[in-house]
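K.L.:
Numbering (mature numbering (1 follows the signal peptide of the UniProt record, and there is no 0)), first residue to last: -21 to -1, 1 to 166.
Would you mind keeping the following structure in view while I ask a few things?
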């Protein structure tokens, strides 16, 4: 009986000590590391700028992402940034293609030609779309230490490159200047 009581008591004590709270991402505050504030501002600025360019100047064609390169000393989840920008641009009706699925799609098309797939669900030949432009980008930083403070300037730069001409037809940059107290600096 004591063992049962002790195990229930310890379990409830453990559970009651752990807590989670969710916050509004739009009210995020600056931190020493790359965080929600920088992601949200980057996504907002980049997706708005690229959407406006596509709708006013480009108007046609399909875009595709090339990976975003992180050249900073921080761990930055670049996939999170690209997914959020892609999500916003898709909502804005900017068309994208994902050529990484072509091999799987080609296999399904070939299987459909065997006669083993019903005609109402068979994939049609000649419907693939090719990207006319690729989005690529970089995250870079400069870090200085002065009078016990770390000063970090981070830039996120995106480029839209025409695959036909290899010309950069659009670019946008977002910068963040962060100052933080460095513990033990100058000892």
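Built from N, CA and C at the ideal position, the CB exists for glycine as well.
Leaving out the 5 sequence neighbours to the left and right, which residues in its chain are closer than 6 Å to residue 58 when beta-carbon positions are compared?
P.N.:
none
K.L.:
Going by beta carbon distance, what residues of the same chain come within less than 6 Å of residue 71, once the five residues before and after it are set aside?
P.N.:
30
K.L.:
What is the residue span of the alpha helix (DSSP H) that residue 18 lies within?
P.N.:
15 to 32
K.L.:
So, at 8 Å on beta carbons, what are the nonlocal neighbours of residue 166 in its own chain, with the 5 sequence-adjacent residues on each side left out?
P.N.:
Bear in mind that a pLDDT of 47 at residue 166, under 50, signals an unreliable position, so the number given afterwards is only what the model happens to contain. Excluding sequence neighbours, residue 166 sits near nothing in its chain.
K.L.:
Grab the span of the alpha helix (DSSP H) containing residue 81 for me, first residue to last.
P.N.:
For residue 81, the enclosing alpha helix (DSSP H) covers residues 81 to 91.
K.L.:
Is the segment 50 to 65 in contact with the segment 109 to 126, if contact means three or more CB pairs nearer than 8 Å?
P.N.:
yes
K.L.:
Between the C-alpha atoms of residue 154 and residue 123, what's the straight-line distance to the nearest angstrom?
P.N.:
16 Å
K.L.:
How many Å lie between residue 103 and residue 159 at the Cα?
P.N.:
57 Å
K.L.:
If the criterion is Cβ atoms closer than 8 Å, does the pair residue 142 and residue 111 meet it?
P.N.:
yes
K.L.:
Could you pull out every residue in the same chain whose Cβ sits closer than 6 Å to the Cβ of residue 157, ignoring the five residues on either side in sequence?
P.N.:
131
K.L.:
Which whole-angstrom value is the C-beta distance of residue 91 and residue 101, which I expect to be below 8 Å?
P.N.:
4 Å
K.L.:
For residue 148, count neighbouring Cβ atoms within 10 angstroms of its own Cβ and tell me buried if that reaches 16, exposed if not.
P.N.:
exposed
K.L.:
Helix, strand or coil for residue 78, going by three-state DSSP, please let me know.
P.N.:
helix
K.L.:
Rounded to whole angstroms, what is the Cα-Cα separation between residue 42 and residue 77?
P.N.:
9 Å
K.L.:
On the three-state DSSP scale, how would you describe residue 100?
P.N.:
coil
K.L.:
I need the straight-line Cα distance from residue 95 to residue 86, nearest angstrom please.
P.N.:
13 Å
K.L.:
Which same chain residues, not among the five before or five after residue 32, have their C-beta less than 6 Å away from its C-beta?
P.N.:
149
K.L.:
Tell me the DSSP bridge mates of residue 160?
P.N.:
128
K.L.:
Could you tell me which whole alpha helix (DSSP H) segments of length 4 or greater appear in the segment 41 to 73?
P.N.:
As far as the segment 41 to 73 is concerned, its whole alpha helix (DSSP H) runs of at least 4 residues are 57 to 70.
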